[in-house]
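Okay, so here's the structure we're looking at.
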Amino acid sequence: MKYLLDTCAISELTKPQANRGVIEWLESTNSDDLYLSVINIGEIKKGINKLPASKKKQELLFWLETLLEDYQNRILTVDLNVMENWSLLVANAEKKGQPVASLDSIIAATAYTHHLTLVTRNERDFYACNIPLINPWEL
């Protein structure tokens, strides 16, 4: 099985008190089966850019550089196929009266397009997209 990490999952690695279940799940999963989206990178970079100049900001920038190197062949882009699937997922969710946030829905469409299970703590944000989910915070 292959997985798309939601931003909350990959960001867990930067926390001083990271969730043990998430760390154990990541360590037990073959790294070649883990993928990121360009959306994750944008969300992470936005968070870093909001920080004032500090040691923490520099550490996070270094972590992001390392992440980009480690995942260089496993960062998925948003292309026409992703956006076509996005339009279907969002339309179906909205027809059910369950709108999905824009970036979350693009992450969901990326997982759907590439037949990946989405790894997230925010299951509720993705239920309406009807894609496979795993929550290592609850394992």
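Note that full-length UniProt numbering has the sequence shown beginning at 1, numbered continuously upward. Backbone N, C-alpha and C fix where the C-beta goes; we use that ideal spot for every residue, glycine too.
Please state the DSSP three-state secondary structure of residue i.
i: Leu34; result: strand
i: Ala116; result: Residue identity check: residue 116 is Leu in the sequence provided, not Ala. It is coil, neither helix nor strand.
i: Leu103; result: helix
i: Leu51; result: coil
i: Ile131; result: coil
Over what stretch of residues does the alpha helix (DSSP H) that includes residue i continue unbroken?
i: Leu60; result: Lys55 to Asp70
i: His26; result: Before going on, a small fix: residue 26 reads as Leu here, not His. Arg20 to Ser28 is the extent of the alpha helix (DSSP H) around Leu26.
i: Asp125; result: Glu123 to Phe126
i: Glu138; result: Premise fails: Glu138 is in no alpha helix (DSSP H) and is neither H nor E.
i: Leu89; result: Leu80 to Lys95
One question on the structure: do residue i and residue j come within less than 8 Å of each other, judged by their Cβ atoms?
i: Arg133; j: Glu123; result: Arg is not the amino acid found at residue 133; the sequence shown has Leu there. Cβ distance < 8 Å, so Leu133 and Glu123 count as in contact.
i: Leu89; j: Ala109; result: yes
i: Asp104; j: Asp79; result: no
i: Thr113; j: Asn85; result: yes
i: Ala93; j: Pro99; result: yes
i: Lys2; j: Asp33; result: yes
Since residue i and residue j should fall inside the 8 Å C-beta cutoff, what is the C-beta to C-beta distance between them, to a whole number of angstroms?
i: Leu64; j: Lys45; result: 7 Å
i: Leu13; j: Ser37; result: The pair is not a contact, with the Cβ atoms about 16 Å apart (cut-off 8 Å).
i: Ile41; j: Leu60; result: Contact doesn't hold; Cβ gap of about 13 Å is too wide.
Along the beta strand (DSSP E) that carries residue i, what are the first and last residues, could you check?
i: Leu4; result: Tyr3 to Leu5
Indicate whether at least one CB of chain C lies closer than 8 Å to the CB of residue i.
i: Trp25; result: Looking at the structure shown, chain C is missing, and only one protein chain is on hand.
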